[in-house]
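Undergrad: Got a structure for you, written out below as structure tokens; questions coming shortly.
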């Protein structure tokens with residue numbers, strides 16, 4: 385049956401599909417889009433195979449960790465786009481927004497009672513793997529999770545890679561056979577689906593669809609039990625905005641990417657990480673845009689898996705520089721999180737890093753900053769404060785300064801073990817692209833993950849790579865950046881602070 389590669393499909397339980405089910409249910413949790421989505425494509429296949437209507441449930445809890453107006457609004461923008469995208473199709477789309485803690489409990493089970501099969505998203509970090517596993521134990525119907533995370537299927541790698549170079553070599557050997565198996569650009573196009581079904585009345589009454597006013601941002605967030613101290617950012621979430629950003633990046637910024645991407649004062653990065661994180665944009669869609677721009681075909685791929693960062697793709701220098709971030713570094717993080725449960729723990733750092741950090745744990749710190757000072761950007765370092773100001777205001781930090789941001793938190797903490805949860809807390813609360821495999825790989829990189837031992841050995845850092853604000857300011861003209869993002873005096877408080 386499947387046009388979706390088998391390697392991307394995982395049966396969460398051993399239950400068979402129900403022949404007497406009323407519909408196929410797609411439980412949309414991580415790939416919140418109607419296009420370029422293997423999970424939706426798999427649900428469509430089941431719908432056509434079984435001759436059952438398709439129901440799409442996209443639900444938004446109010447009690448997930450770090451729930452705030454910022455994160456909720458970004459997801460709601462995507463739900464509004466999906467409502468419009470499914471309108472007029474033969475899909476029943478049900479956007480449910482939990483009005484109070486626990487109100488949505490039982491919704492999935494109620495819908496699954498009438499389902500022939502349930503298809504979910506296979507996302508390898510945060511609380512989603514535990515949620516999917518729990519659903520597999522409870523549901524008395526076949527539950528599949530489908531991997532639409534990256535160009536390389538998660539299961540195409542059978543070990544955890546400790547260096548980007550080694551992972552890149554694996555990609556160069558393994559990826560070509562998967563490039564001709566992309567998701568359908570528009571999964572709903574093709575043979576018509578069965579006529580849509582209505583939700584059971586009891587389900588629709590107890591768990592009604594979110595109203596248009598909430599989805600469209602006209603009203604509603606203030607009524608939800610969220611962290612209202614963190615307002616939405618000045619950018620719209622959703623597949624529509626994500627697609628526009630892909631086009632802008634490829635057409636207007638890409639040509640400068642290789643030379644200027646590490647310069648925070650210049651806007652040349654893709655800014656796609658929040659859209660990739662929330663599943664509003666597929667990495668396959670981004671890759672397709674690069675292929676079109678470059679007039680590329682797979683015959684231009686290199687034949688030797690050397691692990692080199694440039695030259696293997698057979699694309700322009702800017703395109704290859706970006707692909708190394710989109711594919712190598714992004715999917716390296718996914719490789720770690722789906723295979724190790726301790727991906728966000730100190731014990732997951734490489735042996736050499738933990739050893740040198742332990743040797744220097746008693747080194748005197750010239751400055752110590754507590755979590756509230758860091759959250760408010762009230763340190764002695766104006767550049768760090770500006771980076772934190774950008775994170776608070778825009779929900780992201782420029783890639784280069786995010787590395788410096790983490791290194792300084794470590795330097796200003798009693799130990800690396802103390803610094804790690806602080807970095808995760810600040811990032812996951814404020815960042816639109818937090819709570820993602822790349823968040824944890826980037827944060828842990830600051831403490832040695834995916835890196836090597838460096839010399840000379842230094843106080844506090846030991847052999848972990850050293851970075852300073854002074855060196856960053858010597859490399860780049862950052863005065864305007866500091867002026868733009870200097871904290872404005874708002875007294876931000878962390879929950880419980």
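In the numbering used here, the protein residues as written are 385 to 881.
No residue lacks a Cβ here, since even glycine has one placed at the ideal position from N, Cα and C.
1) If the criterion is Cβ atoms closer than 9 Å, does the pair residue 647 and residue 864 meet it?
2) Is residue 546 near residue 730, with beta carbons less than 9 Å apart?
3) Can you list, in chain order, the residues of its chain whose CB lies under 7 Å from that of residue 757, leaving out five sequence neighbours each side?
4) Entirely within the region 448 to 510 and at least 4 residues each: give me those alpha helix (DSSP H) ranges in chain order.
5) Would you call the region 553 to 560 and the region 395 to 414 touching, i.e. three or more CB-CB distances under 8 Å?
6) Would you call residue 514 buried or exposed, if buried means 16 or more other Cβ atoms sit within 10 Å of its Cβ?
7) Flag this pair as yes or no: are the beta carbons of residue 623 and residue 659 separated by less than 9 Å?
8) Can you tell me whether residue 522 is buried or exposed, with buried defined as 16 or more other CB within 10 angstroms of its CB?
9) What does the alpha-carbon distance come out to for the pair residue 579 and residue 476?
10) Using the three-state DSSP reduction, which class does residue 812 fall into: helix, strand or coil?
11) Express the C-alpha separation of residue 860 and residue 875 in angstroms, rounding to a whole number.
12) So, at 8 Å on beta carbons, what are the nonlocal neighbours of residue 593 in its own chain, with the 5 sequence-adjacent residues on each side left out?
13) For residue 398 and residue 645, what's the separation of their Cα atoms in angstroms?
14) Which of the three DSSP states is assigned to residue 430 in this structure?
15) Between the Cα of residue 548 and those of 813, 715, 722 and 653, spot the shortest distance and give me the residue it belongs to.
16) With 16 other CB atoms within 10 Å as the buried threshold, where does residue 843 fall?
17) For residue 540 and residue 663, what's the separation of their Cα atoms in angstroms?
18) So what's residue 875 in DSSP terms, helix, strand or just coil?
19) Throw me the rounded Cβ distance for the residue 388 and residue 535 pair, which I believe falls under 8 Å.
20) Let me know if residue 880 comes out buried or exposed under the rule of 16 or more other beta-carbons within 10 Å of its beta-carbon.
21) Per DSSP, which residues does residue 846 bridge with? Please list them.
22) Hey, how far is the Cα of residue 524 from the Cα of residue 493?
23) Which partner residues does residue 827 have in the DSSP bridge list?
24) Quick check: the Cα distance between residue 673 and residue 641, rounded to an integer number of angstroms?
25) Got a sec? Which residues, its chain only, sit under 7 Å from residue 585 by beta carbon, not counting five neighbours each side?
26) Nearest to residue 698 by CA position, among 677, 718, 717 and 779, is which residue?
27) Determine whether the beta carbon atoms of residue 529 and residue 394 lie at a separation below 9 Å.
28) So what does residue 696 bridge to, in DSSP terms?
29) Around the Cβ of residue 415, are there at least 16 other Cβ atoms within 10 angstroms (buried) or fewer (exposed)?
30) In or out: residue 449 buried (at least 16 other Cβ within 10 Å) or exposed?
31) I need the straight-line Cα distance from residue 695 to residue 550, nearest angstrom please.
32) Shortest alpha-carbon distance to residue 526 belongs to which of 400, 517 and 512?
33) Since residue 827 contacts residue 808 with CB under 8 Å, what's their CB separation in whole angstroms?
34) Within the same chain, show all residues whose beta-carbon is closer than 6 Å to that of residue 465, passing over the 5 residues directly before and after it, in chain order.
35) What span of residues does the beta strand (DSSP E) with residue 337 cover, start to end?
TA: Reading off the structure:
1) Against the chain shown, residue 647 aligns to sequence position 263. Against the chain shown, residue 864 aligns to sequence position 480. Contact: no.
2) The residue labelled residue 546 in the question sits at position 162 within the chain shown. The residue labelled residue 730 in the question sits at position 346 within the chain shown. No, these two residues do not count as a Cβ contact at 9 Å.
3) Taking the first residue of the chain shown as position 1, residue 757 is located at position 373. Same-chain partners within the cutoff: 763.
4) The alpha helix (DSSP H) runs lying completely inside the region 448 to 510 and spanning 4 residues or more are 453 to 470 and 491 to 496, given in chain order.
5) As far as the Cβ criterion goes, the region 553 to 560 does not touch the region 395 to 414, which means the pair count is below three.
6) Taking the chain shown and counting its residues from 1, the one referred to as residue 514 is at position 130. Exposure of residue 514 is indicated by the presence of fewer than 16 other C-beta atoms within 10 angstroms of its C-beta.
7) Taking the chain shown and counting its residues from 1, one reaches residue 623 at position 239. Taking the chain shown and counting its residues from 1, one reaches residue 659 at position 275. The answer is yes: Cβ separation under 9 Å.
8) Taking the first residue of the chain shown as position 1, residue 522 is located at position 138. Around the beta-carbon of residue 522, fewer than 16 other beta-carbon atoms lie within 10 Å, marking it exposed.
9) If you number the chain shown from 1, residue 579 lands on position 195. If you number the chain shown from 1, residue 476 lands on position 92. Here the alpha carbon of residue 579 sits roughly 10 Å from the alpha carbon of residue 476.
10) Working through the chain shown from its first residue, we reach residue 812 at position 428. Of the three classes helix, strand and coil, the one that applies to residue 812 here is helix, per DSSP.
11) In the chain shown, the residue the question calls residue 875 occupies position 491. In the chain shown, the residue the question calls residue 860 occupies position 476. Only weak support exists for where residue 875 lies, its pLDDT of 46 falling under 50; the coordinates are left without a value.
12) Here residue 593 is taken as the residue at index 209 of the chain shown, counted from 1. Sequence-distant partners of residue 593 (beyond 5 residues in either direction) whose C-beta falls short of 8 Å from its own C-beta, in its chain, are 478, 479 and 480.
13) By one-based count along the chain shown, residue 398 stands at place 14. By one-based count along the chain shown, residue 645 stands at place 261. Approximately 47 Å between the Cα atoms of the pair.
14) Working through the chain shown from its first residue, we reach residue 430 at position 46. The three-state secondary structure of residue 430, taken from DSSP, is helix.
15) Taking the chain shown and counting its residues from 1, one reaches residue 548 at position 164. Taking each of 813, 715, 722 and 653 in turn and checking the Cα distance to residue 548, the smallest one comes out for 715.
16) Here residue 843 refers to the residue found at position 459 when the chain shown is read from its first residue. Under this definition residue 843 is an exposed residue.
17) Counted from its first residue, the chain shown places residue 540 at position 156. Counted from its first residue, the chain shown places residue 663 at position 279. In a straight line, the C-alpha of residue 540 is about 21 Å away from that of residue 663.
18) By 1-based counting over the chain shown, the position of residue 875 is 491. In this prediction, residue 875 scores a pLDDT of 46, lower than 50, which makes its location untrustworthy; no coordinate-derived value is stated.
19) On the chain shown, position 4 is the one that residue 388 refers to. On the chain shown, position 151 is the one that residue 535 refers to. Actually they do not touch by this definition, with Cβ atoms about 15 Å apart.
20) Locating residue 880 in the chain shown gives position 496, counting from the first residue. The predicted position of residue 880 is uncertain, since its pLDDT is 43 and thus under 50; a value taken from the coordinates is nonetheless stated next. Exposed, since its Cβ has fewer than 16 Cβ neighbours within 10 Å.
21) By one-based count along the chain shown, residue 846 stands at place 462. DSSP output for residue 846 lists 842 as bridge partner(s).
22) Within the chain shown, the letter at position 140 stands for residue 524. Within the chain shown, the letter at position 109 stands for residue 493. Annotation: residue 524 to residue 493 spans about 9 Å, alpha carbon to alpha carbon.
23) To locate residue 827, count along the chain shown from 1; it is residue 443. Residue 827 has no beta-bridge partner at all, per DSSP.
24) One-based indexing of the chain shown puts residue 673 at position 289. One-based indexing of the chain shown puts residue 641 at position 257. If you take the alpha carbons of residue 673 and residue 641, they lie about 15 Å apart.
25) Working through the chain shown from its first residue, we reach residue 585 at position 201. Closer than 7 Å at the Cβ level, and outside the excluded window around residue 585, lies no residue.
26) As a position in the chain shown, residue 698 is number 314, starting the count at 1. Of 677, 718, 717 and 779, the smallest CA-CA separation from residue 698 is found for 677.
27) Start at 1 with the first residue of the chain shown, and residue 529 comes out as number 145. Start at 1 with the first residue of the chain shown, and residue 394 comes out as number 10. Judged by their CB atoms, residue 529 and residue 394 are nearer to each other than the 9 Å cut-off.
28) Here residue 696 is taken as the residue at index 312 of the chain shown, counted from 1. In the DSSP output, where bridge partners are listed per residue, residue 696 has none listed.
29) In the chain shown, counting from the first residue as 1, residue 415 sits at position 31. Burial check for residue 415: the Cβ neighbour count within 10 Å reaches 16 or more, so the residue is buried.
30) Your numbering for residue 449 matches position 65 in the chain shown. By the neighbour-count criterion, in which a residue is buried when 16 or more other Cβ atoms sit within 10 angstroms of its Cβ, residue 449 is exposed.
31) Numbered from 1 along the chain shown, position 311 holds the residue referred to as residue 695. Numbered from 1 along the chain shown, position 166 holds the residue referred to as residue 550. If you take the alpha carbons of residue 695 and residue 550, they lie about 16 Å apart.
32) Within the chain shown, numbered from 1, the residue matching residue 526 stands at position 142. Residue 400 holds the alpha-carbon nearest to the alpha-carbon of residue 526 among 400, 517 and 512.
33) Numbered from its first residue, the chain shown carries residue 827 at position 443. Numbered from its first residue, the chain shown carries residue 808 at position 424. Between the beta-carbon of residue 827 and that of residue 808 there is about 6 Å, and that keeps the pair under the 8 Å contact cut.
34) The residue you call residue 465 lines up with position 81 of the chain shown. Result list for residue 465: 622, 623 and 624, in chain order.
35) No answer is possible for residue 337: the residues shown for the chain start at 385 and end at 881.
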